[in-house]
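This is the structure:
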């Protein structure tokens, strides 16, 4: 199994290591629920060095990304500005979801999922044929996500000099400082930074963050936090077979510029014409129990399926994202161990910035 | 290292049984099991007076990670269920041998259990 440069730090913090898409990663460091609360109430950090950073450089970098991804990088005008998008196949299915950061019209940085990296790199390189663009995976970069209401303040304590550069950084923007790339983004529904830095210095930075009172958090808490925040997980809410229109990600598909022939556009427009039949909704269980992935959902219209189900530590209830017939509202039933349990259909997010919204 | 108590007997599926010597027993899951499962978030127990056949799934403990069935170690009848677990399933994590017990039951005999030393060997 592959290990990140922080592997030894996880072992020292009693991380419970598991195989995550071929990477030996911490599931938790004792209590997943405490780690979850730590991020909602104070500050926690995640080793996300298994994710891949890919740089796009060249005269046609912009033109290429306008074809490669479904959102339009033409929206990005200022250095460091970030954009969330899906990268589609020709059938409109999602190859991966990603964040792209603007440096200038000839230089963009992208962060893609760990489990899809090999597939993505093959796909991207094939599509890049004929464009004046270089595609380089930055294997030497590690990444730490520091998240929570006190995350930024604690990062500034741990990393002297950073506040001058990042103190005024707005959400969904990034700044560079030497070999550091600091983005005010995340996957938890809380404020914070995602910090990319050379692998050689990541252990030192992790140690400084520990000393500033930032607690390490594992993949378990990362999943419950992102689900409470109503954020999609590649492979659960969308996949090669599910388009963004069927995954409540229509807002990430930009059809405004009619001349922009991005990959998958024809398929999406045909699907729109024909009528989109499914969508992703949020569910809150009203009875007792825990919702799990792939359980059957029965709505007033027809059947659906749980795409991600968890017990929400913030709400103290079972919640889920589910793929259901479009237009499903009100109450539904979830089949939990052969029993039907009532749930309420809601619009995600469930929790943002420490507050319950549903 | 998991805690194993000398005064109990154990199943291969990581439950402990405490024999009160009067045909009644208390049952729970072991320290090893609770550590593997992680933070508990929901427990579904059988009702008092329910009669359960050996090997039937009669309780479910759910952690943040997974739902796990608890099987009956013998033909038995439930005499008490730990209602505290309704509101505090985490008692199984913090006190699996004491406050986090699952059920008390009566049975004619509970066979094929391991003593503490034998159970300890299965964890190696």
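Protein chains in written order, with the numbering used here: chain L, 1 to 358; chain U, 1001 to 1124.
By construction, the Cβ of each residue, glycine as well, lies at the ideal position given by its N, Cα and C atoms.
For the pair residue 165(L) and residue 153(L), the CB atoms are not nearer than the 8 Å cut-off. Remark: three or more beta-carbon pairs, one from each stretch, lie closer than 8 Å, so the stretch 259-267 of chain L and the stretch 84-96 of chain L are flagged as touching. Here residue 1017(U) has 1008, 1009, 1010, 1011, 1025, 1026, 1027, 1073, 1110, 1113 as same chain residues with Cβ atoms under 8 Å from its own Cβ, once five neighbours each way along the sequence are excluded. Interface with chain U (8 Å Cβ-Cβ cutoff): residue 288(L) is included. Under a criterion of Cβ atoms nearer than 7 Å, the residues of chain U adjacent to residue 31(L) are, in order, 1039.
Comparing C-alpha distances from residue 262(L) to each of 129(L), 17(L), 7(L), 63(L) shows the shortest one belongs to 63(L). When 8 Å is used as the limit between beta carbons, residue 220(L) is near these residues of chain U: 1038, 1064, 1065, in chain order. Cβ contact annotation for residue 117(L) (same chain, cutoff 6 Å, sequence separation greater than five): 52, in chain order. Taken atom to atom, the span from the alpha-carbon of residue 19(L) to that of residue 1(L) is near 7 Å. Counting every other CB atom within 10 Å of its CB across the protein chains shown gives residue 337(L) a total below 16, marking it as exposed.
For the options 96(L), 351(L), 332(L), the alpha carbon positioned closest to that of residue 302(L) is the one of 332(L). Residue 29(L) is not bridged by DSSP to any residue.
Three or more Cβ pairs drawn from the stretch 69-85 of chain L and the stretch 172-186 of chain L lie within less than 8 Å of each other, which places the two stretches in contact. The C-beta distance from residue 289(L) to residue 320(L) rounds to 11 Å, too long to meet the 8 Å contact threshold.
The C-beta separation of residue 282(L) from residue 358(L) comes to about 7 Å, placing the pair in contact by the 8 Å criterion. The C-beta of residue 350(L) comes no closer than 8 Å to any C-beta of chain U. Taking C-alpha positions only, residue 147(L) is separated from residue 275(L) by approximately 39 Å.
Here residue 35(L) is near residue 44(L), since their CB atoms are less than 8 Å apart. In this structure, residue 172(L) keeps its C-beta atom at 8 Å or more from the C-beta atom of residue 188(L).
In the DSSP assignment, residue 347(L) is bridged to no other residue.
Per DSSP, the unbroken beta strand (DSSP E) holding residue 52(L) starts and ends at 52-57. Approximately 5 Å separates the beta-carbon atoms of residue 48(L) and residue 143(L); this is inside 8 Å, confirming the contact.
Contact residues of the stretch 1049-1060 of chain U toward chain L are 1060 (C-beta to C-beta distance below 8 Å). When 327(L), 350(L), 296(L), 247(L) are compared, the shortest CA-CA separation from residue 312(L) is found for 350(L). Taking C-beta separations shorter than 6 Å and ignoring five residues to either side along the sequence, the partners of residue 132(L) in its chain run 58, 59, 60, following chain order. Taking C-beta separations shorter than 7 Å and ignoring five residues to either side along the sequence, the partners of residue 75(L) in its chain run 83, following chain order. In the DSSP annotation of this structure, the continuous segment of the beta strand (DSSP E) that includes residue 97(L) starts and ends at 94-104.
In the structure shown, residue 1020(U) adopts coil according to DSSP, grouped into three states. Contact note: residue 311(L) reaches chain U through 1041, 1042, 1062, 1064, using a C-beta cutoff of 8 Å and chain order. If you keep only unbroken beta strand (DSSP E) runs of at least 3 residues inside the stretch 186-217 of chain L, you get 192-198.
Residue environment analysis places residue 183(L) among the buried positions, since at least 16 neighbouring C-beta atoms fall within 10 angstroms of its C-beta.
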